[in-house]
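Enquirer:
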Amino acid sequence: MEIPSIFLNRILAKTAKDKASTMILTVGSLPAFRVDNHLHIMEDESMLTVEIIEKLIGFILDADEKKLLADEKEVVVVKIFGGDFRFRVNVFYQKGLPALSFHYIPAAPKKLTDLRFPEILNNLIMCRSGLIIIAGSKFSGKTTIAASIIEEVNINKRRHIATIEDPIEYLFVNKRSIIEQRQVGRDVKSVVKGLHHCLEEDVDIVYLGEIRKELAEVLPLIFELASGNSLVVLEINSNSAVRTVEKILNSFDNNQTESARYNLADVLVGITVHKLVNRVGGGIILVSEVLLANAAVKSLIREGKIYQLESVMQTSRREGMISMDKAIEELIEAGEIKPEEAGQVI
């Protein structure tokens, strides 16, 4: 096998040339990459073996990361290859064998207008307190959207912003705002510790990357921050606004559910759920579901009538709300996506 660094830089250069978002390396397969939601196989490469994957992992991970992989069987890191290309790297096991996936991180966040971010949400991100939730499945653009939100504030407002991420993906340069980026395990011991620090500081906006393990411990601190003088932007893995609310409330013990409903209703500003679908003519397009926390939504959450939130979205289009089904329907009517592609969302 060629030197791991040379092999990796070569195949990553191929993915960059084809503007791929993701590359996947698994034992017994050829290297594969994804462009515009379509998977492509590198047929001119050799079949990947356990030896190749293990050598790549040995090259990519440092000693602490290797120990974490041995303990947890999965590790997510951000690494730089080819000089200045940043990738989020997932190292994991499948069928008892090691595997890798690489997700390209652009050098700078995109503008919200370029992402087709719902205009109504521009007002929400300028709130001085409360909770905004960005939801979606893996690789649905959640982190890209969150980074664009932070950058929008950075450009337009004087704010003290703290991010708590695992790992840090986008790197921000201070413009009108001051941004502190903290990586769990390196800059702060845990998400909980990071939030305690934010409570003790004068922070205007707190961004939390996807929380994998500590949600039940973290939510009370989020409620406390959001009910004070901080706007909290939270990233959650969920494919609908209704399921996002359910996921939050289900994190609490039964004897805490009622107070959790009231706390969530008090601080919630809005939930936006994002998916990616193939666009007519090539490329992908962002599809967004929007739930705004108006009086009716807050009342339903307090009463535990979560199942009725879908109806509120369907009947509140004029206020800026929209369900995922309606958002897809509008894009089909506008000729931007095909009906047969509507179900092929990420």
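Under our numbering, residues 31 to 376 are what the sequence shown spells out, in order. Ideal Cβ positions, reconstructed from N, Cα and C, are used throughout, including at glycine.
How do the segment 173–191 and the segment 234–249 stand: do at least 3 beta-carbon pairs fall below 8 angstroms, yes or no?
Expert: yes
Enquirer: Is residue 306 helix, strand or coil by DSSP?
Expert: DSSP, reduced to helix, strand and coil, places residue 306 within a strand of the structure shown.
Enquirer: On the DSSP bridge list, what partners appear for residue 162?
Expert: 263 and 300
Enquirer: DSSP beta-bridge partners for residue 53?
Expert: Looking at the DSSP output, residue 53 bridges to 63 and 132.
Enquirer: For residue 225, which of 204, 255 and 210 has the nearest alpha-carbon?
Expert: 255
Enquirer: Please name the residue in 294, 213 and 49 whose C-alpha comes closest to that of residue 313.
Expert: 49
Enquirer: Which runs of the beta strand (DSSP E) at least 3 residues long sit entirely within the segment 185–261? Give them in chain order.
Expert: The segment 185–261 contains, as complete beta strand (DSSP E) runs of 3+ residues, the segments 190–195, 208–213 and 235–238 (chain order).
Enquirer: For the candidate residues 345, 55 and 221, whose alpha-carbon lies nearest to that of residue 80?
Expert: 55
Enquirer: Who are the near neighbours of residue 73 in its chain, counting only those whose CB is closer than 8 angstroms to its CB and skipping five residues on each side?
Expert: 60
Enquirer: Keeping to the same chain, check which residues put their C-beta closer than 7 angstroms to that of residue 170; ignore five residues upstream and five downstream.
Expert: 304, 305, 306 and 376
Enquirer: Exposed or buried, residue 68, counting other C-beta atoms within 10 Å across all chains shown (16 or more means buried)?
Expert: exposed
Enquirer: Do you know offhand how far residue 334's Cα is from residue 345's?
Expert: 19 angstroms
Enquirer: Compute the distance between the beta-carbons of residue 336 and residue 263, then report whether it is under 9 angstroms.
Expert: no
Enquirer: With contact counted as at least three CB pairs below 8 angstroms, one residue from each stretch, are the segment 149–169 and the segment 197–208 in contact?
Expert: no
Enquirer: Excluding the 5 residues flanking residue 95 on each side, which residues of the same chain have their C-beta closer than 7 angstroms to its C-beta?
Expert: 105 and 107
Enquirer: Rounding to the nearest angstrom, what Cα-Cα distance links residue 247 and residue 368 in this structure?
Expert: Roughly 43 angstroms separates the two Cα atoms.
Enquirer: Beta-carbon within less than 7 angstroms of residue 213's beta-carbon, same chain only, minus the 5 sequence neighbours each way: which residues are those?
Expert: A distance below 7 angstroms between beta-carbons, with the five flanking residues on each side excluded, links residue 213 to the following residues of its chain, in chain order: 195, 196, 197 and 198.
Enquirer: Go through its chain and collect everything with a Cβ distance to residue 294's Cβ below 8 angstroms, but skip five positions before and after it.
Expert: 161, 253, 275, 278, 279 and 331
Enquirer: Over the uninterrupted alpha helix (DSSP H) stretch that includes residue 95, give me the two end residues.
Expert: 93–102
Enquirer: Have a look at residue 86 and residue 296 and give me their C-alpha separation to the nearest angstrom.
Expert: Cα-Cα distance, rounded: 48 angstroms.
Enquirer: With 16 as the cutoff for other CB atoms within 10 Å, does residue 265 come out buried or exposed?
Expert: Buried: at least 16 other Cβ atoms inside 10 Å.
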